[in-house]
Amino acid sequence: MKWSAVIGALAIVALAWGVLGLRGAPEVTQPIAFPHKTHIELNLQCTSCHDRAEKEAVAGRPRTALCLSCHGGGEATGEIKKVQAFEKVGEIPWKRVWRLPPHVFFPHRTHVVVAGVKCQTCHGPMETLDRPPGRPLKTLTMDDCLACHEARARRVEKTAERGVVKTARALSTDCNACHR
Amino acid sequence: MRVTRRGFIQAVGATAGAAALVRGRLTKAEVGVQDFERWATPEETPVPSICQQCPGGCGLIARTLDGQLAGISGNPLHPINRGALCPKAYGALQLLYDPDRLKGPMVRAGDRGRFRSIGWDEALRLVTERLAELRGKGLAHTVAVLGGQYRGYRDTLWRRFAEAYGTPNYIRARCLAPEHPALAHQLMQGVTSPLGYDLAEARCILSFGAGLLEAWLGPVHAALAIAGLGGTRERPRARLIHIDPHRSLTGAKADRWVPIVPGTDGILALGIANALIREGLYDREFVEQHTFGFDDWTDPRGQRHEGFRDLVLSEYGLLTVSTATGVPVKTILEIARDLATLKPAVVIGERGPAYGPDDLHTRMAIHSLNALVGSLGVRGGVLLQGELPLSPLPPVQQDETARRGRGHPRIDGAGRGQYFLVSDASQALPERILGGKPYPVNALFLFGSNPLASHPAKEAFAQAFDRIPFIVSFSPFLDESSSRADLILPDHTYLERWQDDQVTHLAGFTCFSLARPAAAPLHQTRDAADVVLQLAKSLGGGVARSLAWENFEKVLYAGARGLFDAGRGYVISTAPEESLRRVLERQGYWAPEFESYDEFWNALGERGAWWDPTGLPISRKALLRTASGKFEFYSTALRQRVEDAEKREGTRAAFVGALGGRDRGDQLYLPIAPVPARAEAGAFPLRLNTYRLVTRPIGGGRNQPWLLEQPAVHVHAAWERWAEVHPHTATKLGIKDGDWIWVESPKGRIRLRAKLFAGTLPEVVNIPLFGGGGPNQNDLIGNEPDAFRGFGLLNTTRVKVSRA
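In the order they appear, the protein sequences are chains A and B. Letter 86 of the first sequence, counting from 1, is numbered 95 in our numbering, and no numbers are missing. Letter 354 of the second sequence, counting from 1, is numbered 369 in our numbering, and no numbers are missing.
Dropping the structure here:
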């Protein structure tokens with residue numbers, strides 16, 4: 010009886026872990042052990058490689074040609090050699106790590122270019138990583154989104170009250186703004 | 016009313032006095048009215064002229080009152096400037112009325128003693144005797160002419176004089192030769208005339224340090240084109256990207272200013288080429304059909320050669336390029352994308368100062384971008400500059416003495432050894448004069464040049480002048496060089512003489528400007544061109560027959576006949592007439608406006624210019640005149656020149672040294688600018704970058720106070736000289752805005768006012784090339800070898816800065 014209760018409890022926990030997703034997303038292994046830290050230390054900006062983030066809703070992953078524009082020449086070793094091997098094969102099969110629920114519309118361009126939000130605000134301290142992250146460094150919830158939008162809306166209101174010419178756009182906290 | 020005797024006498028006296036008084040006043044008033052009428056209604060005559068303050072060649076209207084010059088405005092009909100002018104144009108009045116102008120010929124008393132006035136006849140006799148004596152002794156080749164920045168028939172006259180007299184030493188000392196195509200363009204496209212950049216029609220202009228709005232070939236012409244980039248309903252907005260170590264006027268007005276480490280422009284161009292190729296953004300069709308050397312290739316002997324693509328992709332990774340140039344990778348990528356997507360695009364790789372010791376390969380690398388984006392021979396891209404249909408002058412009649420003289424090598428060594436690619440090597444001249452190699456100079460003529468102030472080798476020139484027994488200057492002013500001459504034959508200023516201008520930087524049309532004297536000479540000066548003709552006449556023989564015109568006006572009259580006979584183009588006219596002619600020409604009609612050449616000549620003088628806006632071929636074939644008939648990434652012409660020079664001189668070392676210092680095999684003929692090794696800061700940690708303000712005319716403008724007064728708004732300065740230091744550097748050195756500082760190079764040091772300016776890189780110190788007295792930037796600039804222009808590198812000197 011006692012043992013069966015323990016086994017039962019364990020089974021429930023295992024079920025919850027596996028079925029209900031309490032263990033989180035599975036760890037992702039990228040084809041190239043890309044060190045963000047090294048690249049940021051070379052004065053590259055995030056959008057040097059993730060250039061679509063400034064133009065489109067989806068940031069996407071860098072194209073192989075972009076990697077090769079720096080790593081295309083000379084004798085290469087290690088991971089760079091692997092990158093060069095992809096020149097004739099095609100695109101590097103990067104795996105997606107960050108994924109918002111499908112009912113959330115998050116336009117990168119609006120946040121990065123218009124609002125000037127730093128990438129780290131949502132993605133966490135990527136610049137410290139020597140290896141690609143297996144999981145998102147930061148899990149975004151709706152509270153995070155709302156906190157930012159509401160704080161910004163308050164700032165805009167205060168500015169307007171002071172009679173200063175409005176420079177920032179008022180942010181919507183309407184459900185339809187993101188859930189569309 | 017009772018009239019007394021006393022009252023009657025008083026009344027008569029008062030009436031007489033009043034009448035006298037009134038009469039007197041009326042007389043004075045009448046005189047005043049007459050004076051006023053004469054003052055207010057002088058005979059006003061507008062005379063078309065040409066600005067000669069820079070290579071722009073803008074059309075002027077000189078306003079004369081009773082024959083005296085009183086004002087300057089733009090010629091609204093002139094196609095180069097359409098009535099607009101830059102500040103320099105107005106300085107012409109102060110050139111003319113400079114109280115310190117030389118009033119007539121001057122000669123030294125004794126052996127370089129004090130100057131004394133002399134008559135023209137005696138002065139010309141002195142020169143003629145000396146020239147005849149040297150010629151008689153078989154020493155014609157030891158006469159040298161040092162010319163500055165001018166063009167057109169004055170250049171033709173001096174060249175003919177040198178050919179007929181028998182000297183190979185007609186040497187031009189200048190850092191920009193606008194009438195010649197850039198060497199890179201000659202080698203990659205085979206063109207023999209300068210290229211035109213169609214700025215007005217381009218959607219993306221990428222300028223590598225060309226000061227389009229202040230100091231390039233024609234700031235007004237460029238400004239008119241750039242003013243139209245804003246976009247209209249018919250035409251989308253265009254984009255100007257300016258790459259320059261200094262945020263110049265062009266940089267400030269550009270859509271994007273990209274600061275760069277001086278001298279690394281070629282490396283950046285190759286980085287952009289890398290991005291264009293890697294991302295597949297280049298014009299594949301143009302590259303495949305119209306270029307040679309892009310891909311690896313095999314020559315008829317079976318030897319394999321590496322192509323431009325592989326070299327760029329393997330050696331010019333964006334991180335490497337970014338480290339060398341200081342331009343972020345993201346910026347390089349964005350420039351490449353703009354260039355490829357905003358078409359037509361044009362890339363300008365021509366500036367006054369050299370890009371550095373790798374100037375040729377830098378220019379080739381930059382020009383490669385035009386080929387990669389397919390901008391050659393298309394509207395809004397790079398066009399061919401048309402040749403003016405001027406009448407060829409009769410051939411020079413050289414006698415035996417002239418032929419023998421011309422057979423000697425040039426004293427500056429141009430065309431040989433280290434300077435095998437240049438036509439003039441003024442930087443080598445003083446050293447060779449001092450060494451007497453290959454022969455001593457017995458007479459030197461200075462025309463439009465002042466090397467003792469404006470040349471990086473000015474100290475060496477000063478020493479060399481001591482070795483030359485007879486120096487003649489044609490300067491209208493007693494400048495540094497003239498003050499060391501033996502004889503001064505002062506020229507008119509340009510508004511007092513006949514002149515022509517053959518501007519060569521135009522896209523889409525050709526133009527010949529003509530100007531009559533706008534004002535009578537103020538002093539006993541003479542047009543130097545007329546003096547050359549007079550000297551030739553006095554020398555007699557073949558020299559006189561080769562220059563048999565009575566005066567310069569007759570030379571122009573003879574040359575311009577070709578424009579009348581050409582059956583195309585027309586003398587500039589009002590806008591409605593111009594439009595009508597354009598419509599007719601587009602449909603294949605051209606109607607002559609004048610019945611005789613004299614009628615044409617008079618109209619040319621009255622309106623100021625002839626132009627042909629429709630006669631230029633716009634096609635890719637017209638541009639590609641190389642041996643392969645294609646744009647050559649791999650320059651077979653350069654290889655041929657190196658091989659010819661090697662055969663002639665039996666050694667290769669000097670050419671290889673000139674082309675980059677080490678034998679890079681095939682890379683010598685490809686547009687490959689080597690990435691320099693990282694240098695330690697050393698004793699001179701900063702780089703000197705000189706730049707030209709829009710108010711700085713040829714010669715410095717020291718006698719034009721209006722121009723010295725014009726403020727440089729970016730640093731709030733006028734009149735004085737200054738050095739621009741980056742605020743970060745200034746903080747480290749404890750320098751505040753307005754402090755006096757020493758700027759010191761291995762050559763010397765000058766004291767200047769510090770201006771803190773963030774529009775540059777922290778390791779760069781900028782000094783404007785400024786007119787007026789005071790410290791001279793050439794006291795800092797080392798006369799480093801300049802194998803591609805022979806002038807001396809201006810922006811490679813390293814300096815240090817300290818508080819004075």
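Glycine included, each C-beta is placed from N, C-alpha and C at the ideal position.
| Query | Result |
| --- | --- |
| Count the C-beta pairs between the segment 341-355 of chain B and the segment 57-68 of chain A that are closer than 8 Å, then say yes if the count reaches three, no if not. | yes |
| With distances taken from CA atoms, which of B:Leu384, B:Glu402 and B:Ala147 is nearest Gly396 (chain B)? | B:Leu384 |
| Note the first and the last residue of the continuous beta strand (DSSP E) segment covering Val158 (chain B). | Val158 to Gly162 |
| Under the three-state reduction of DSSP, which class applies to Ile483 (chain B): helix, strand or coil? | coil |
| Between B:Arg394, B:Gly555, B:Ser553 and B:Leu493, which has its C-alpha nearest Lys118 (chain B)'s C-alpha? | B:Leu493 |
| For Lys473 (chain B), go through chain A and note every residue whose CB falls closer than 8 Å to its CB, in chain order. | Per Cβ cutoff of 8 Å: no residues; Lys473 (chain B) is ~41 Å from chain A at best. |
| If I measure Cβ to Cβ from Asp374 (chain B) and keep anything under 6 Å in the same chain, skipping five residues before and after, which residues do I get? | Phe803 |
| Helix, strand or coil for Asn185 (chain A) per DSSP? | helix |
| So with CB distances below 9 Å, who are the chain B contacts of Gln54 (chain A)? | Pro343, Val344 and Lys345 |
| Looking at the secondary structure, which residues open and close the beta strand (DSSP E) in which Asp627 (chain B) lies? | Ala624 to Asp627 |
| Would you give the residue range spanned by the alpha helix (DSSP H) that Asp60 (chain A) belongs to? | Unbroken run through Asp60 (chain A): none, as it is neither H nor E. |
| Taking C-beta pairs closer than 7 Å, name the residues in chain A that Ala290 (chain B) reaches, listed in chain order. | Ser78 |
| Using C-beta distances below 7 Å, list every residue in its chain close to Asp213 (chain B), excluding the 5 sequence neighbours before and after it, in chain order. | Val361, Arg394, Gly395, Gly396, Leu398, Ala522 and Gly523 |
| Can you find a CB in chain B that lies within less than 8 Å of the CB of Gly87 (chain A)? | no |
| Which runs of the beta strand (DSSP E), 3 residues or longer, sit entirely within the segment 339-403 of chain B? | 360-363 and 397-399 |
| From this set, B:His743, B:Pro94 and B:Asn718, which residue's C-alpha is nearest Lys103 (chain B)'s C-alpha? | B:Asn718 |
| Should Gly665 (chain B) go down as buried or exposed, given a rule of 16 or more other Cβ atoms within 10 Å for buried? | exposed |
| I want to see whether chain A comes within less than 8 Å of Leu504 (chain B), judged by CB atoms only; does it? | no |
| Just the C-alpha distance for Pro505 (chain B) and Ser490 (chain B), rounded to the nearest angstrom, thanks. | 5 Å |
| Could you spell out where the alpha helix (DSSP H) holding Lys645 (chain B) opens and where it closes? | Neither: Lys645 (chain B) is in no alpha helix (DSSP H) and is coded neither H nor E. |
| Specify the secondary structure class of Lys147 (chain A) as computed by DSSP and reduced to three states. | coil |
| For Asp115 (chain B), does the count of other Cβ atoms within 10 angstroms reach 16, so buried, or fall short, so exposed? | exposed |
| Arg293 (chain B) CB to nearest chain A CB: under 8 Å? | yes |
| Can you give me the C-alpha to C-alpha distance between Thr710 (chain B) and Leu264 (chain B), rounded to a whole angstrom? | 12 Å |
| Compute the Euclidean distance between the alpha carbons of Gly432 (chain B) and Phe670 (chain B), then round it to the nearest angstrom. | 6 Å |
| Which runs of the alpha helix (DSSP H) spanning at least 4 residues fall entirely within the segment 189-276 of chain B, listed in chain order? | 198-204, 234-242 and 264-268 |
| At the level of alpha carbons, what is the spacing between Cys79 (chain A) and Arg140 (chain A)? | 19 Å |
| Using the Cα positions of His538 (chain B) and Thr340 (chain B), report the straight-line distance between them to the nearest angstrom. | 53 Å |
| What are the residues of the segment 575-601 of chain B that lie near chain A, defined by any Cβ-Cβ distance shorter than 9 Å? | none |
| At least one CB of chain B closer than 8 Å to the CB of Gly69 (chain A): is that the case? | no |
| Does Gly81 (chain A) come within less than 8 Å of chain B when only Cβ atoms are used? | yes |
| Which residues of chain B have a Cβ atom closer than 8 Å to the Cβ of Ala74 (chain A), listed in chain order? | Arg293, Glu294 and Gly295 |
| Between the beta-carbon of Gly367 (chain B) and the beta-carbon of Cys526 (chain B), is there less than 8 Å? | no |
| Rounded to whole angstroms, what's the CA-CA distance from Leu255 (chain B) to Leu228 (chain B)? Just pull it up for me. | 12 Å |
| Using DSSP's beta-bridge definition, name the partner residues of Asp515 (chain B). | B:Leu529 |
| Mind pulling the chain B residues with CB within less than 8 Å of Leu146 (chain A)? | None at all; the shortest Cβ gap to chain B is about 23 Å. |
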